[in-house]
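Quick note, the working numbering runs 217 ahead of the 1-based positions in the sequence shown. Every residue gets a Cβ at the ideal spot worked out from N, C-alpha and C, and that includes glycine. Note that this is a predicted model, so its numbers are computed, not measured. Just below is one structure, and these are the notes that go with it.
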Amino acid sequence: MTDERKNGRPTAAGTGQAAKKLPPAALRALAEADARRKEYLAKEAENPVERGGRGGKDPARYGDWEVKGRAIDF
218 MTDERKNGRP TAAGTGQAAK KLPPAALRAL AEADARRKEY LAKEAENPVE RGGRGGKDPA
278 RYGDWEVKGR AIDF
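In structure tokens:
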């Protein structure tokens, strides 16, 4: 379990030693996920704010057909 941070890296609880280093493939996957997240947030910021909409994500894309506890369809 990690509970302390030094130099941005978690340390093992009570040992003061840095956690095991991740393999290069894991670091590359984390970097790719971070890049995708930043790209997604940039695209979200470009979209105009919908006024009077239902809020949340697009139900057709995310399969959320419920609003305030009622199943909806359109």
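Rounded separation between residue i and residue j - CA only
| i | j | result |
| --- | --- | --- |
| Glu-256 | Gly-269 | 26 Å |
| Asp-251 | Arg-245 | 10 Å |
| Leu-258 | Lys-237 | 31 Å |
| Pro-241 | Glu-261 | 30 Å |
Three-state secondary structure assigned by DSSP to residue i
| i | result |
| --- | --- |
| Pro-241 | helix |
| Glu-263 | helix |
| Arg-268 | coil |
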